[in-house]
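Q: Take a look at this one; I'll ask things after.
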Amino acid sequence: AVEFAARARSLVISRSTYPSSGRFTGHWLGDNKSNWDDLHRSIIGMLEFNIFGIPY
1061 AVEFAARARS LVISRSTYPS SGRFTGHWLG DNKSNWDDLH RSIIGMLEFN IFGIPY
């Protein structure tokens, strides 16, 4: 209904996911810091979510 009324897709960003949420939401990886360890975790998280069809 929102897409029909606004003629645009809505944007939802979530910290948690559920099956098939990749069709409707993006995922926020959380509160990462500016260090190499968190960069490593972010890359892994983005690749995993891409496999599950969740945009980042």
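Each residue of the sequence shown is one higher than the one before, starting from 1061 at the first, in the numbering used here.
Cβ atoms here follow ideal geometry from the backbone N, Cα and C, with glycine treated the same way.
Measuring straight from C-alpha to C-alpha, what distance separates Y1078 and I1111?
A: Working through the sequence shown from its first residue, we reach residue 1078 at position 18. Working through the sequence shown from its first residue, we reach residue 1111 at position 51. Approximately 14 Å, taken between the alpha carbons.
Q: Starting from N1110, trace the alpha helix (DSSP H) both ways and give me its first and last residue.
A: In the sequence shown, counting from the first residue as 1, residue 1110 sits at position 50. Here the alpha helix (DSSP H) through N1110 covers 1096-1111.
Q: Would you call the CB atoms of G1015 and L1089 closer than 8 Å?
A: Because residue 1015 is not part of the residues shown, which for the chain are 1061 to 1116, the question remains open.
Q: Under the assumption that N1092 contacts S1102 (Cβ atoms under 8 Å), give the Cβ distance between them as a whole number of angstroms.
A: Against the sequence shown, residue 1092 aligns to sequence position 32. Against the sequence shown, residue 1102 aligns to sequence position 42. At roughly 6 Å, the Cβ-Cβ gap stays under 8 Å, so N1092 and S1102 are in contact.
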